[in-house]
Structure formats: structure tokens, C-alpha cells
Amino acid sequence: LRNSSFLENISGKLVGDKGYISKGLFEKLFIDGIQLLTKLRSNMKGALMTVADKILVRKRAIIESVNDELKNMAQIEHSRHRSVANFSVNLIAGLSAYCFFPKKPMIALDRCNTIDTYNRLTLF
9 LRNSSFLENI SGKLVGDKGY ISKGLFEKLF IDGIQLLTKL RSNMKGALMT VADKILVRKR
69 AIIESVNDEL KNMAQIEHSR HRSVANFSVN LIAGLSAYCF FPKKPMIALD RCNTIDTYNR
129 LTLF
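For my numbering, add 8 to where a residue sits in the sequence shown, where the first one is 1.
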């Protein structure tokens, strides 16, 4: 996150884990118009969060479990491709296989209408 070229492509809200909490990073992102959302540590004083932000932070684990299933079960994370076409075929095959999984984690976004108004949501 300290790389400026990465931050040029992000806008809106950025959801992270407790390891990303630091005043310097929070202030740098805030100046660029990016709001960093994390769970609070036990030694931190209560910060004000909207209900939509609390829901996003809680649903982060579900999003990470989808990424884990894509990497481990659908084998999308494979780095030995010799051509772009081979990479594309592997990615499409992995996403197609994920569509046939019997149980997929889901997030019900209809409870929180304010999420639709955000430009972009980025997870790391």
C-alpha cells in the first residue's frame, strides 16, 4: 500500500485487516480520498462507523473464503503459464468450475442500500 502507483487506481473505501492499522497510512489514504475500514483492536478507543461500514468489515471474511476456494479448490492460482492464452483458459475454467460448486458463500447486500452508491470497493 505504500506504493503510489497502487493508490492511483483506488477510490472510495478500502477494507483491510488489523495489520494495516497505522496513523500514517490512514492519513495518507484519507488525503487521497480513500477511507480505510478495519476492525478495531482491543486497545483502540471506539471509532464511529456507519452501519454500512460495519457490515462491510464483517463480510470481509466471506469474501476471503471465496478467494480461498478459487485459489485452492478451483486452482486459479497457478503461476507456470507459458502463454497469455493458457492463463486465460485456466482462469475461465476455474471460474466455470466454481459455478458448479454446490455450496458457495454469499453476501446479502439488499439489507444495506448505501453500498450501491460507492464507486468502488477494494479488498486487500
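Ideal placement from N, C-alpha and C gives every residue a C-beta, glycine not left out.
Fill in: Cα-Cα separation, Val74 to Pro113
7 Å
Discussion item. Comparing C-alpha positions only, which one of Leu99, Val23, Phe34 sits nearest to Glu85?
Written reply: Leu99
Worksheet item: Would Ile42 pass as a contact of Ser19 if the rule is Cβ separation under 8 Å?
Response: yes
Discussion item. For Gly102, which residues in the same chain have their Cβ closer than 8 Å to its Cβ, ignoring the five residues on either side in sequence?
Written reply: Leu78, Ala82, Gln83, Ile84
Item to complete: Using a threshold of 8 Å, state whether the C-beta atoms of Leu56 and Val23 are closer than that.
Response: no
Fill in: Separation of Asp25 from Cys107, as counted between CA atoms
28 Å
Item to complete: Along the alpha helix (DSSP H) that carries Lys79, what are the first and last residues, could you check?
Response: 68-80
Practice prompt. With a 10 Å radius around its C-beta and 16 neighbouring C-beta atoms as the bar for buried, classify Lys155 as buried or exposed.
Written response: Absent from the structure is residue 155, since the part of the chain shown begins at 9 and ends at 132.
Worksheet item: Quick one: Cα of Arg139 to Cα of Asn80, how far?
Response: This structure cannot settle anything about residue 139, because the visible part of the chain is limited to 9 through 132.
Practice prompt. Go to Ile100, then tell me how far its alpha helix (DSSP H) extends in each direction, as first and last residue.
Written response: 92-107
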